[in-house]
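One structure is given below, encoded as structure tokens.
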Amino acid sequence: MVTLSHSLDIPKAERSRNFSETDIISAECGFSARTYLYRIFKLKEGCTPAEWREKMAENVAAEGKKQD
């Protein structure tokens with residue numbers, strides 16, 4: 001049985017497929033736009049979210065090599 005709540009969730013799920021991961025994260029964090037999240041992130045961290053993820057991936061890889 002499909003409830004009203006379930007019926008309302010379906011379009012929401014369909015719309016979310018059209019957004020990037022950063023759009024979803026920025027909305028969940030209360031930012032009105034991804035660009036605003038990027039601006040604030042860069043002010044706080046000194047790099048964009050993509051650059052930060054790249055740095056973190058490099059750090060994780062380096063830590064993995066140390067443990068080998």
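Numbering-wise, UniProt numbering puts 28 at position 28 of the sequence shown, and it's gapless, one number per residue.
No residue lacks a Cβ here, since even glycine has one placed at the ideal position from N, Cα and C.
Note that the structure is a prediction, hence the values are computed from the model and not measured.
Between Trp-52 and Glu-45, the alpha-carbon positions lie close to 8 angstroms from each other. Taking all protein chains in view, the Cβ of Ser-32 is surrounded by fewer than 16 other Cβ atoms within 10 Å, so the residue is classified as exposed. In the three-state reduction of the DSSP assignment, Phe-31 falls in the coil class, being assigned neither a helical nor a strand state. Gly-64: member of the alpha helix (DSSP H) spanning 49-67, first to last residue.
The DSSP-derived three-state label of Ser-26 is helix.
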